[in-house]
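Scroll down for the structure; my scribbles are underneath it.
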Amino acid sequence: MVDARQIAEAARIIGAGGLVSFPTETVYGLGANALDEAAVERIFAAKGRPASSPLIVHVADIEMARALTREWPPLAQQWAERYWPGPLTMVLPKAAHVPDRVTAGLDTVGLRIPNHPVALALIRAAGVPIAAPSANRFMQLSPSEAQHVPAELADYFLDGGPAAVGIESTVVSLAGPVPVLLRPGVLHLEGLESGEAPAEGAAHAAPGQHARHYSPSTPLILGPPPIQGKGYRWVLPADPVQCAAELYATLHRLDRMNYDWIAVYLPPDTPVWAGVRDRLARAATPDTSPAESDHAPGESKP
Ligand code: AMP
Ligand code: MG
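292 is the number of the first residue of the sequence shown in my numbering; add one for each residue after it.
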């Protein structure tokens, strides 16, 4: 799917300040040199992403991550060793040379080592950390396959096959006195999944958490199907990991079928389903979503 020549070309484009669409295990990313402010600016322009939404910086090893931080607490080391490469983003106090544009002016930076050979090869070949949000226009469905990525978005495209995890990484802040879950994903962390950790307001301190996000253009209804119109009753896979892996590909496919609506019941409010529930709630049509605030990241369990 991707050969050494393509990696070299993609790395050259990153080095020249261009944008590359590349596979990760979560979703496809739209990458630029994280240390090149002008290149990072192009990501925001291409996506139509508000400047207030910080980017996750992708690195190839722990040393590369540490070099972008001011503080590296023992828990960061422990989780990096346990979960990286993998779908965990850790937010830490940023080093001075990380451009403000990347972090939306915050004093912290979100870091992750992606678990995908193409992503790792690209970062190593480029020799720089790669800032990358999902390779889609702002608010639209995330790409879990190369063909979901809009052709005008990047200067170069790498096709690494379907994303194995399928939804965006779990985001945890380690910049404060206690770890705080900023965005649920397929990965659960002890202490964070118990529901006691994230304080009510804490989750909302995360910038770039827009209530409506990841949306298909067909209205997505959470709950009973409407009586009117021709729609699709979507039954989710029973396994949360498989469900996450198929989530965006299914939505992309259904969105092309010209239905009047897609109706789906939210899965159980349990830690294993938190990532899928969060994405469905954000993708849903605002008026019909039962209570979006119920499904905000970091909610405590009833
Ligand atoms: P996306 O690139 O769309 O997957 O979104 C990245 C998400 O990571 C943002 O929406 C934030 O929630 C989170 N994030 C990245 N960097 C930071 C940071 N410095 N502080 C808090 N959250 C962050
Ligand atoms: Mg995104």
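C-beta atoms are modelled at their ideal positions from N, C-alpha and C, and glycine is treated no differently.
Assignment of LEU542 by DSSP, reduced to helix, strand and coil, places it in the helix class.
Inter-segment contact for the region 426-434 and the region 384-395 is absent: fewer than three beta-carbon pairs are separated by less than 8 Å. Annotation for THR360 indicates a beta carbon at 8 Å or more from all heavy atoms of the ligand AMP. The continuous alpha helix (DSSP H) containing THR394 extends over residues 391-394. Distance from the C-beta of GLU316 to the nearest heavy atom of the ligand AMP is not below 8 Å.
Look at ARG303: its beta carbon is at least 8 Å from all of the heavy atoms in the ligand AMP. Our two residues, PRO378 and ALA454, have alpha carbons roughly 11 Å apart in a direct line. If you ignore the 5 residues before and after ASN324, its C-beta comes within less than 6 Å of the C-beta of ILE305, ALA330 and VAL419, all in its own chain and listed in chain order.
Straight-line measurement puts the Cα of ASP551 at about 44 Å from the Cα of ALA466. Residue burial annotation: ARG403 is buried, with at least 16 other C-beta atoms found within 10 angstroms of its C-beta. Secondary-structure assignment with DSSP links VAL400 through a beta bridge to LEU383. Under the three-state reduction of DSSP output, LEU478 falls in the coil class, being neither helix nor strand.
Boundaries around ILE347 are those of the beta strand (DSSP E), 347-349, since no alpha helix (DSSP H) includes it.
Residue ASP560 holds the alpha-carbon nearest to the alpha-carbon of PRO531 among ASP560, VAL350 and GLU362. Counting C-beta atoms within 10 angstroms of its own C-beta, ARG373 has fewer than 16 neighbours from the protein chains shown and is therefore classed as exposed.
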